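Student: Pasting a structure here, questions to come.
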Amino acid sequence: MNGKLLAVIFLSLLLLAAVFQNRYDSTISYFSDRSTFVSLPSGKALKILSFGYQNLTADLLFIWSIQFYSTYYLTNRFDYLERVYNTITDITPQYKEPYIIGALIMVFEAKDIPMAIRLLDKGSRNIEKEWFFDHEAGYYCYKYLKDYSRAEAYYARAASKPNAPSFLKRMKAHMVYLQDDPKVAYQMWLDIYNNARDRLEKDSAFNHLYQIKAEIDLPVLQQEIAGFKENFRRFPATLAELVRTGIAKAIPRDFSGNDYQYDPLQGAIKAQRVFKWKQR
Amino acid sequence: MNIKGLAFNTFKESARNKMFYLLVFFGIIFALSSKLISFLTLGDTIKVLKDTGLAAINFFCVLIAIFTGINLVYKEIEKKTIFNILSKPVTRDHFIIGKFFGLALTMLVALIAMAGIFFILVLLVGGGFDFKILLYFFMLYLELLIIVAISLLFSSFSTPILSFIFTVSLYLIGHIMWTFNEFKSLLRSPLLEKFTHMLYYILPNLDKFNIKNEVVLDLPMRTGTILFSILYALVYIMALLTVTIMIFRKREFL
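Order-wise, the sequence lines are chains V and G. Numbering-wise (my numbering), the first sequence opens with residue 29 and increments by one. Numbering-wise (my numbering), the second sequence opens with residue 269 and increments by one.
Laid out in structure tokens, this is it:
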């Protein structure tokens, strides 16, 4: 058999292989849902089977999960999402990234907030000194579950951890404010204001205090104006008239020390600066 | 010929082995490829780079230890060169100890080469120099010495294939010794329980040298734990060499 004949045979076989590949492809839909897992051993089993290479096993599983959960054509890819991240975090409980990235995937891709919070809770249990997990859980409770009391508890726990940034206390105070408890929120912000370590913290606390004080003062003033009108059939000419007539004991001022803006024609009162933090 | 001479000869012999170069080469290639793997992750890429690089070095060093260890004594007997050596003023005890130190030197050179490349890689990606990694390499070296001693033990009375199977088995078991205590609690027979308990202390516990997690994640390490691991390695190696010498003394070469 000469070389040319062998080359022809080789090319023919290659062509035949391509035909079979083509026929094989026609039987498979690569871009459709498929069973995502044959089997995924538990974290403990993988820890044993990794024979001392736990870190590498966890890394590889983590890297695989990032690629897998970015495969958008698989709509059933979230079937075992919690199991996958529990396995990774069982193999190396001290590895921070899988908790954070796993929770991000659960929130933004799978839209399962409680699952993300469970994973972050596990992170917080396993790495007790880390504040970030509680901060993330607090944020998800606040932003997506609108569960402000739970968010407050997470921020309180995060703020109590070593090296926790100061904004966590501010978030905690803000959660109290969102729970319509302005008096407690005011005290918390006042504490932040008095103990502020930098300009940003001081300014932030100031703005919140301004807003909350106005929210406490304005309804009271508005009620007193209404009481004045009931008695005198007109709105008071100035706020000082409320004190003179004995309807109010004193006229409160805003947190900057300025008078609230009063419109005697409408009997309306407002603060000079208005913030929209109450948006939920 | 004394132990020193035997050790240097063993080192030269190992260093001439193509398998040794091949494994060192692959170890370095895999350590370098950890940079590529770290690209695929999110978050702390240096952590993944360290994990992968250290695992590659660990794996290939273990392979070098096993492949060079299992052949050493067997080759000498097979090629009849052992008669030449033992005809000189060298006892069988010296022969085993010399072979061990020669292999220990080979492992040290291989480890230094791979660790050097790894340190450069970590520095290049901005990971900084971490003394804890040096401690990791020291602990890995102790583990490798135990593996060398185990392979030498099997090599003294068995064929390379069987030695390979035995050594690899002990290496794998050595890394899951922490499961023995749990396994023991599942046993219903007190006799089996005692047997498992005994095995726990007899078989090499290699996972204590695995401090990758502590090093990479910068977790605290107890000085006592490290110290007892070092003492354990030294005593266990001496015990293995003693058994090897006992077997080798009675070995017939013809």
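Ideal placement from N, C-alpha and C gives every residue a C-beta, glycine not left out. No experiment lies behind these values; they were computed from the predicted model shown.
Would you kindly work out how many angstroms separate the C-alpha atoms of Phe298 of chain G and Leu291 of chain G, rounded to a whole number?
Tutor: One C-alpha to the other measures close to 10 Å.
Student: Could you spell out the range, first to last residue, of the alpha helix (DSSP H) harbouring Tyr168 of chain V?
Tutor: Where Tyr168 of chain V is concerned, the enclosing alpha helix (DSSP H) stretches over 160 to 168.
Student: Just checking: is the beta-carbon of Lys400 of chain G within a distance shorter than 9 Å of some beta-carbon in chain V?
Tutor: Not closer than 9 Å to any Cβ of chain V, the Cβ of Lys400 of chain G fails to qualify, so no.
Student: Along the segment 316 to 342 of chain G, what residues have a CB closer than 9 Å to any CB found in chain V?
Tutor: Here the close residues are Val316, Lys318, Asp319, Thr320, Leu322, Ala323, Ala324, Asn326, Phe327.
Student: Would you kindly work out how many angstroms separate the C-alpha atoms of Ile515 of chain G and Asp107 of chain V, rounded to a whole number?
Tutor: Going by the C-alpha atoms only, they are around 57 Å apart.
Student: Checking contacts by CB at 9 Å: is Glu125 of chain V closer than that to chain G?
Tutor: By this cut-off, Glu125 of chain V is an interface position.
Student: Closer than 9 Å, CB to CB, is Leu443 of chain G near chain V or not?
Tutor: The question names Leu, but residue 443 of chain G is His in the sequence shown. Answer yes: the Cβ-Cβ gap between His443 of chain G and chain V drops below 9 Å somewhere.
Student: Name the residue from V:Lys211, V:Tyr205, V:Ile220 whose alpha carbon lies nearest to the alpha carbon of Lys197 of chain V.
Tutor: If we check each option's Cα against that of Lys197 of chain V, V:Ile220 comes out closest.
Student: Report the rounded CA-to-CA distance for Arg272 of chain V versus Lys241 of chain V, giving the unit in angstroms.
Tutor: Cα-Cα distance, rounded: 23 Å.
Student: Nearest-angstrom Cα distance between Asn191 of chain V and Ile325 of chain G?
Tutor: Straight-line Cα distance between these residues: approximately 35 Å.
Student: CB Tyr172 of chain V to CB Met203 of chain V, shorter than 9 Å?
Tutor: No, the Cβ-Cβ distance between Tyr172 of chain V and Met203 of chain V is not below 9 Å.
Student: Step through the CB atoms of chain V and report whether any lies within less than 9 Å of the CB of Tyr439 of chain G.
Tutor: With 9 Å as the cut-off, Tyr439 of chain G counts as an interface residue toward chain V.
Student: Along chain V, in chain order, which residues have C-beta atoms closer than 8 Å to that of Asn255 of chain G?
Tutor: Because chain G in this structure spans residues 269 to 522, residue 255 of chain G falls outside the shown range and cannot be described.
Student: In angstroms, rounded to a whole number, what distance separates the CA positions of Thr313 of chain G and Phe307 of chain G?
Tutor: Cα-Cα distance, rounded: 7 Å.
Student: Please decide whether Gly395 of chain G counts as near chain V, where near means a Cβ-Cβ distance under 9 Å.
Tutor: Output row for Gly395 of chain G: interface = no.
Student: What does the alpha-carbon distance come out to for the pair Ile429 of chain G and Gln95 of chain V?
Tutor: For Ile429 of chain G and Gln95 of chain V, the distance between alpha carbons rounds to 40 Å.
Student: Taking a contact to mean a Cβ-Cβ separation below 9 Å, would you say Thr374 of chain G touches Ile332 of chain G in this structure?
Tutor: Result yes, Cβ atoms of Thr374 of chain G and Ile332 of chain G sit closer than 9 Å.
Student: Would you say Thr464 of chain G faces chain V, with C-beta separation under 9 Å as the test?
Tutor: No, its Cβ sits nowhere closer than 9 Å to a Cβ of chain V.
Student: Starting from the C-beta of Tyr168 of chain V, find all residues in its chain whose C-beta is less than 7 Å away, skip the five residues before and the five after it, and write them out in chain order.
Tutor: Excluding positions up to five away in sequence, the list reads Val135, Ile141, Ala144, Ile145.
Student: From Ser194 of chain V to Tyr238 of chain V, what distance separates their C-alpha atoms?
Tutor: C-alpha separation (whole angstroms): 20 Å.
Student: Ile505 of chain G lies in the alpha helix (DSSP H); which residues open and close that run?
Tutor: Taken as a continuous stretch (DSSP letters only), the alpha helix (DSSP H) holding Ile505 of chain G covers 491 to 518.
Student: Report the neighbours of Thr435 of chain G on chain V: residues whose CB is nearer than 9 Å to its CB, in chain order.
Tutor: Ordered by position in chain V, no residue passes the 9 Å Cβ test against Thr435 of chain G, which lies about 14 Å from the chain.
Student: Starting from Ile297 of chain V, trace the beta strand (DSSP E) both ways and give me its first and last residue.
Tutor: Unbroken beta strand (DSSP E) run through Ile297 of chain V: 296 to 298.
Student: Using three-state DSSP, classify Asp319 of chain G as helix, strand or coil.
Tutor: Asp319 of chain G falls in the helix class under three-state DSSP.
Student: Kindly identify the DSSP beta-bridge partner or partners of Gln289 of chain V.
Tutor: DSSP output for Gln289 of chain V lists V:Lys298 as bridge partner(s).
Student: Phe79 of chain V CB to nearest chain G CB: under 9 Å?
Tutor: Closer than 9 Å: yes.
Student: What's the C-alpha gap between Phe397 of chain G and Glu346 of chain G?
Tutor: If I take the Cα positions, the gap works out to 46 Å.
Student: Does Asp87 of chain V get closer than 9 Å to chain G when you measure Cβ to Cβ?
Tutor: Yes - at least one Cβ of chain G is within 9 Å of the one on Asp87 of chain V.
Student: Quick check on Arg146 of chain V: does DSSP put it in helix, strand or coil?
Tutor: Residue state, collapsed to three classes: helix.
Student: Report the residue ranges of all alpha helix (DSSP H) runs contained in full by the segment 383 to 452 of chain G; include only those spanning at least 4 residues, in chain order.
Tutor: Runs found: 399 to 423, 428 to 442.
Student: By a C-beta neighbour count over all protein chains shown, 10 Å radius and 16 as the cutoff for buried, is Gln82 of chain V buried or exposed?
Tutor: Answer is buried; the Cβ neighbour count reaches 16.
Student: Rounded to whole angstroms, what's the CA-CA distance from Asn481 of chain G to Ala45 of chain V? Just pull it up for me.
Tutor: When rounded, the distance between both Cα atoms is 47 Å.
Student: Thinking C-alpha only, which one of V:Glu243, V:Tyr97, V:Lys211, V:Lys124 is nearest Lys157 of chain V?
Tutor: Among V:Glu243, V:Tyr97, V:Lys211, V:Lys124, the Cα nearest to that of Lys157 of chain V belongs to V:Lys124.
Student: Beta-carbon of Ile305 of chain G versus every beta-carbon of chain V: anything under 9 Å?
Tutor: Interface residue, yes.
Student: Can you name the start and end residues of the alpha helix (DSSP H) that Gly311 of chain G belongs to?
Tutor: Where Gly311 of chain G is concerned, there is no enclosing alpha helix (DSSP H), given that its DSSP letter is neither H nor E.
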